[in-house]
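Numbering (numbering that gives the first Met the number 0), first residue to last: 0 to 234.
Note that the Cβ used here is the ideal one computed from N, Cα and C, for glycine as well.
Note that the structure is a prediction, hence the values are computed from the model and not measured.
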Amino acid sequence: MKDAELVERVRRIAPGKALRHALNDIQQARTGALLFFVGDISECKGLVQPGLILEAPFTPYRLYELAKMDGAIVVSEDLSTIIAANVQLTPDNSIHTNQTGMRHRVAERMSKQTGKMLIAISKRRNTITLFFKDHMHVLAPVEILTAEVNQRVRTAERYSQAFLNGLETVDSLERANALSLYEVIRTIEKGLLTMLISKEAELPIAELGDQGRLAEMQLSEILYEIQEDLENLIL
């Protein structure tokens, strides 16, 4: 699975999005829920036993109210329509899952079998978990995400500055005809670590939504400053 696919789906449930409003309301009500996102319900024939067919426009309040019913809720992938509610999902039980709760077991198996996104909201643990293909991602509180992203930005800044300092050292040693391969590799390593840290920050930044925009801009600026120099050093 490409990282970009997961990041894109996490963006859909970021704070401020209509779907996230509904998820938060369901979580606070402690009713639990299982949501299945699909383009056409007929794509999953044999895995879905329809309950109440709705084909109703998506609204956070409507989704919240339907979560009070038993069974899963089927939502269109473009988040425009609530297709059905009180639905039974019947994935292949032989598909391996590490989950314990029934909703989460069904969600993981269904996502692996169909390649679609599912969201399970636990009534007992009060968590929101996204399943997509072979990946599972538990949403974190905004304050924890903010602290994590800020830490990554600070770390990226430190490595970026160390890389730029290393470039100056490489230039000086090269002019003095004293440059070693070790010094070049050590400088490249700092640049690559900067890029790795920035890459790892993509998911928590996506999960923050608009609140992560400043950090996203800061990391983009950091990468812009080092990327060309890093490529030239490697080549």
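Own chain, CB closer than 6 Å to residue i, minus 5 neighbours either side, in chain order
i           : result
residue 52  : 83
residue 1   : At residue 1 the pLDDT is 49, less than 50, meaning the model places this residue with poor confidence; the figure from the coordinates comes in the next sentence. Within the same chain, residue 1 has no close Cβ partners at all.
residue 129 : 118, 136
residue 147 : 203
Spatially closest choice to residue i from the options, by CA coordinates
i           : options           : result
residue 19  : 230, 127, 80      : 127
residue 47  : 54, 85, 148       : 85
residue 227 : 98, 166, 148, 64  : 166
residue 224 : 39, 31, 162, 41   : 162
residue 134 : 125, 98, 123      : 98
residue 45  : 109, 68, 66, 77   : 109
residue 219 : 142, 156, 234     : 156
residue 66  : 170, 76, 122, 175 : 122
residue 78  : 38, 188, 125      : 38
Cβ-Cβ separation, residue j to residue i (assumed contact under 8 Å), whole Å
i           : j           : result
residue 120 : residue 26  : 6 Å
residue 151 : residue 199 : 7 Å
residue 17  : residue 59  : 5 Å
Limits of the unbroken beta strand (DSSP E) element including residue i
i           : result
residue 53  : 51-56
residue 116 : 116-120
residue 85  : 80-88
residue 271 : Residue 271 lies beyond the stretch modelled for the chain, which goes from 0 to 234, so this question has no answer here.
residue 75  : 71-75
residue 33  : 32-37
Whether residue i touches residue j by CB criterion (8 Å)
i           : j           : result
residue 100 : residue 87  : no
residue 144 : residue 207 : yes
residue 94  : residue 154 : no
residue 193 : residue 232 : no
residue 235 : residue 116 : Given that the chain is displayed from residue 0 to residue 234, the structure contains no residue 235 and the question cannot be resolved.
residue 112 : residue 90  : yes
residue 182 : residue 172 : yes
residue 80  : residue 56  : yes
residue 62  : residue 28  : no
residue 288 : residue 131 : Because residue 288 is not part of the residues shown, which for the chain are 0 to 234, the question remains open.
residue 211 : residue 204 : yes
residue 96  : residue 104 : yes
Opening and closing residue of the alpha helix (DSSP H) in which residue i lies
i           : result
residue 143 : 141-174
residue 134 : Not the alpha helix (DSSP H): residue 134 falls in the beta strand (DSSP E), residues 134-137.
residue 216 : 212-233
Sequence-distant residues of its chain with Cβ nearer than 8 Å to residue i (five each side left out)
i           : result
residue 180 : none
residue 202 : 2, 5, 6, 9, 136
residue 41  : none
residue 168 : 182, 186
Same chain, Cβ closer than 7 Å to residue i, five either side skipped, listed in chain order
i           : result
residue 13  : 19, 205, 206, 207, 208
residue 159 : 193, 221, 224, 225
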